[in-house]
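Quick notes on the structure that follows.
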Amino acid sequence: MKTIKSILPLVKASIFVFLGLCFIGCSNDNASEQEMMEEVEEIIVLDDTDFEATDWTTETHTKDVDPNFDEVFQDNTVKRLDFVITEARWQSMLDDMTATYGAFGSGSSAGLLETDEDPIFVPAEVFYNDKQWYRVGVRFKGNSSLQSSWGNGNLKLSFKLDFDEFEDDYPQIDNQRFYGFKKFSLKNNFDDRSMLREKVATDVFRNAGLVASHTAFYTLYVDHGDGPQYFGLYTLVEEVDGSVLDTQFSDDDGNLYKPDGDAASFAAGTYDEDEYVKKTNEDEADFSDVQSLLTAINNDIRTTDAATWRANLETVFDTEVFLKYLAVNTVVQNWDTYGRMTHNYYLYNNPDTSKLTWIPWDNNEALQDGKREGSLALDFSDLSTTEWPIIGYMYQDDVYKAKYDTYLQEVIDGPFNTATIQTLYSTYSNLVEPYATTEVDGYSFLNNSSDFYSAISTLKTHVANRTAAVNNYLD
Numbered sequence: 138m139k140t141i142k143s144i145l146p147l148v149k150a151s152i153f154v155f156l157g158l159c160f161i162g163c164s165n166d167n168a169s170e171q172e173m174m175e176e177v178e179e180i181i182v183l184d185d186t187d188f189e190a191t192d193w194t195t196e197t198h199t200k201d202v203d204p205n206f207d208e209v210f211q212d213n214t215v216k217r218l219d220f221v222i223t224e225a226r227w228q229s230m231l232d233d234m235t236a237t238y239g240a241f242g243s244g245s246s247a248g249l250l251e252t253d254e255d256p257i258f259v260p261a262e263v264f265y266n267d268k269q270w271y272r273v274g275v276r277f278k279g280n281s282s283l284q285s286s287w288g289n290g291n292l293k294l295s296f297k298l299d300f301d302e303f304e305d306d307y308p309q310i311d312n313q314r315f316y317g318f319k320k321f322s323l324k325n326n327f328d329d330r331s332m333l334r335e336k337v338a339t340d341v342f343r344n345a346g347l348v349a350s351h352t353a354f355y356t357l358y359v360d361h362g363d364g365p366q367y368f369g370l371y372t373l374v375e376e377v378d379g380s381v382l383d384t385q386f387s388d389d390d391g392n393l394y395k396p397d398g399d400a401a402s403f404a405a406g407t408y409d410e411d412e413y414v415k416k417t418n419e420d421e422a423d424f425s426d427v428q429s430l431l432t433a434i435n436n437d438i439r440t441t442d443a444a445t446w447r448a449n450l451e452t453v454f455d456t457e458v459f460l461k462y463l464a465v466n467t468v469v470q471n472w473d474t475y476g477r478m479t480h481n482y483y484l485y486n487n488p489d490t491s492k493l494t495w496i497p498w499d500n501n502e503a504l505q506d507g508k509r510e511g512s513l514a515l516d517f518s519d520l521s522t523t524e525w526p527i528i529g530y531m532y533q534d535d536v537y538k539a540k541y542d543t544y545l546q547e548v549i550d551g552p553f554n555t556a557t558i559q560t561l562y563s564t565y566s567n568l569v570e571p572y573a574t575t576e577v578d579g580y581s582f583l584n585n586s587s588d589f590y591s592a593i594s595t596l597k598t599h600v601a602n603r604t605a606a607v608n609n610y611l612d
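So for the sequence shown, the numbering used here puts the first residue at 138; every next one is plus one.
Structure, rendered in structure tokens:
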């Protein structure tokens, strides 16, 4: 059977002749050669189901194997991904962005737009190590990073990949996987001139023994009609609602939430099921676990019977995991999450414990004091307790505060030890330097290579300063 590649020139030629005759005979129409060619592309896109998945193997393309972390998430190399997207489909992605966020490069003077709609998925061919993955679902992703990059005319945008998104349209890719993984986020290291923050912060969470995504450095090239274009250095991030649940919990049947909006603060009176966005069990209208957490954390019994308040809270919430997470997050400094922003974390109801477990997410803004009000102080003196009760009320409790303080010491002695992290910065910066400093205009957040070196130096100073800050706090 012929593949679509082999018959494409003949199909194009035949349709072009047909449309050309129509064009000659329909001179009153406003048709143009460009419009005719766009019609050709649309027709061909609709007829691209005739292909053979010749690179398909059990180990590389199916769900019949465990996720291959050693292949996909290596710390000592920078790998390459290539996307090939038809010109028509690429244009549809850009048109969708324009419809939602305005013209590319038009600036963002009106501020960030609120939208519940994700950018559209399109089928794309993904190439890695001379192997092809077929009709992979690819879309742009992000919120402020996406809007800001688009508005500033920067095409180094983040992507979401789902390897069997279009399996209903293409039976050949039923349950397609990438070395056992169904989906990834490919993050653009927005506003991070070191391009290390997402990777290092997630490393620290994982090294502290917390559930967190695996990450790795990749370069991305995109061919949308004019040959491969270097889009820059990215960080590949494992999806929480995929292999993280499958591999870091013994049971992946629990409710997974990605809260977003006022309800994500768990402040009294904010309960809203629409803002406790479910990523699993979406069709089940059971939100009793997050409702119980909101009730327990805000129960006034905490001021009269702290032991009972703690017992009630610990029935529904893994407080040990949260306190360890809180210690790591506050030491490394990450302002773009709970305590400042009502997003960028997951809650998973672990079937083994029936407790909601905190999972960090989206760390490109970590390892700095941050924007707006900045990262939280170690003693949370700059936190509104009633607005952020999970932190505020737990820190006011003597038992929980003592555990938090203990975790702070463990963090600077272990996963965020100054010497260890400065060595890690040197290792990673040497690894990515050739790819970071050769990013091209319009596909980079660097003005020049000096920005990269300066950012690395700032990170090394930051970790030393944070150790000093923790020591001062504990003293």
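Heads up, the beta-carbon is just placed ideally off N, CA and C, and yes, glycines get one too.
Asked: With 16 other Cβ atoms within 10 Å as the buried cut-off, status of residue 571; Found: exposed
Asked: beta-carbon residue 269 near the ligand MG non-hydrogen atom, thresh 7 Å; Found: Judged by which ligands are present, the structure shown has none, so any question about the ligand MG falls away.
Asked: Spatial distance of residue 419 from residue 427 (CA atoms); Found: 14 Å
Asked: Classification of residue 161 by the beta-carbon crowding that lies within 10 angstroms, buried from 16 upward; Found: Per-residue confidence for residue 161 stands at a pLDDT of 41, beneath the threshold of 50, marking its modelled position as unreliable; the derived number appears in the next sentence. Exposed.
Asked: For residue 480 and residue 401, believed in contact at Cβ under 8 Å, the rounded distance; Found: 6 Å
Asked: Three-way DSSP call (helix, strand, coil) for residue 496 in this model; Found: strand
Asked: Residue 331 and residue 520 closer than 8 Å at C-beta; Found: no
Asked: Nearest-angstrom Cα separation, counted from residue 525 out to residue 398; Found: 13 Å
Asked: Rounded Cβ spacing between residue 354 and residue 611 (contact assumed at less than 8 Å); Found: Going by Cβ atoms, the distance from residue 354 to residue 611 rounds to 34 Å, so no, they are not a contact pair.
Asked: Rounded separation between residue 346 and residue 465 - CA only; Found: 11 Å
Asked: Reference residue 476; option with closest CA among 455, 490, 220, 531; Found: 531
Asked: Distance, residue 455 Cα to residue 321 Cα; Found: 27 Å
Asked: Closest residue to residue 342 among 384, 469, 396 (Cα-Cα distance); Found: 469
Asked: Neighbour-count burial assignment, residue 564, 16 or more Cβ in a 10 Å radius; Found: exposed
Asked: The region 311-329 in contact with the region 279-296 per 3-pair CB rule at 8 Å; Found: yes
Asked: Residue 197, DSSP secondary structure in three states; Found: helix
Asked: Residue 500 versus residue 553 - alpha carbon distance; Found: 15 Å
Asked: Residue 217, enclosing beta strand (DSSP E) - first and last residue; Found: 216-221
Asked: Residue burial classification, residue 608 (beta-carbon count within 10 angstroms, cutoff 16); Found: exposed
Asked: Residue 598 in three-state terms, based on DSSP; Found: helix
Asked: Reduced DSSP secondary structure (H/G/I, E/B, other) of residue 419; Found: coil
Asked: Residue nearest to residue 407 in terms of C-alpha spacing, selected from 392, 435, 368, 380; Found: 435
Asked: Straight-line Cα distance separating residue 555 from residue 208; Found: 29 Å
Asked: Where residue 307 falls: helix, strand or coil (DSSP); Found: coil
Asked: Boundaries (first-last residue) of the alpha helix (DSSP H) holding residue 447; Found: 443-453
Asked: Cβ pair residue 396, residue 371 closer than 8 Å; Found: no
Asked: Pick from 239, 467, 432 that is closest to residue 288, judged by C-alpha positions; Found: 239
Asked: Simplified DSSP state of residue 293, which is helix, strand or coil; Found: coil
Asked: Of the listed residues 233, 509, 350, 440, nearest to residue 284 (C-alpha basis); Found: 233
Asked: Proximal residues to residue 446 (C-beta, below 7 Å), its chain only, five neighbours per side dropped; Found: 436, 438, 439
Asked: Simplified DSSP state of residue 226, which is helix, strand or coil; Found: helix
Asked: Which of helix, strand or coil DSSP assigns to residue 623; Found: There is simply no residue 623 to check, as the chain begins at 138 and stops at 612 in what is shown.
Asked: Nearest-angstrom Cα separation, counted from residue 380 out to residue 541; Found: 29 Å
Asked: Cutoff 6 Å; reference residue 558; Cβ partners in own chain excluding five residues on either side; Found: 600
Asked: Coarse secondary structure for residue 369, derived from DSSP in three states; Found: strand
Asked: Cβ-Cβ distance between residue 593 and residue 544 below 8 Å; Found: no
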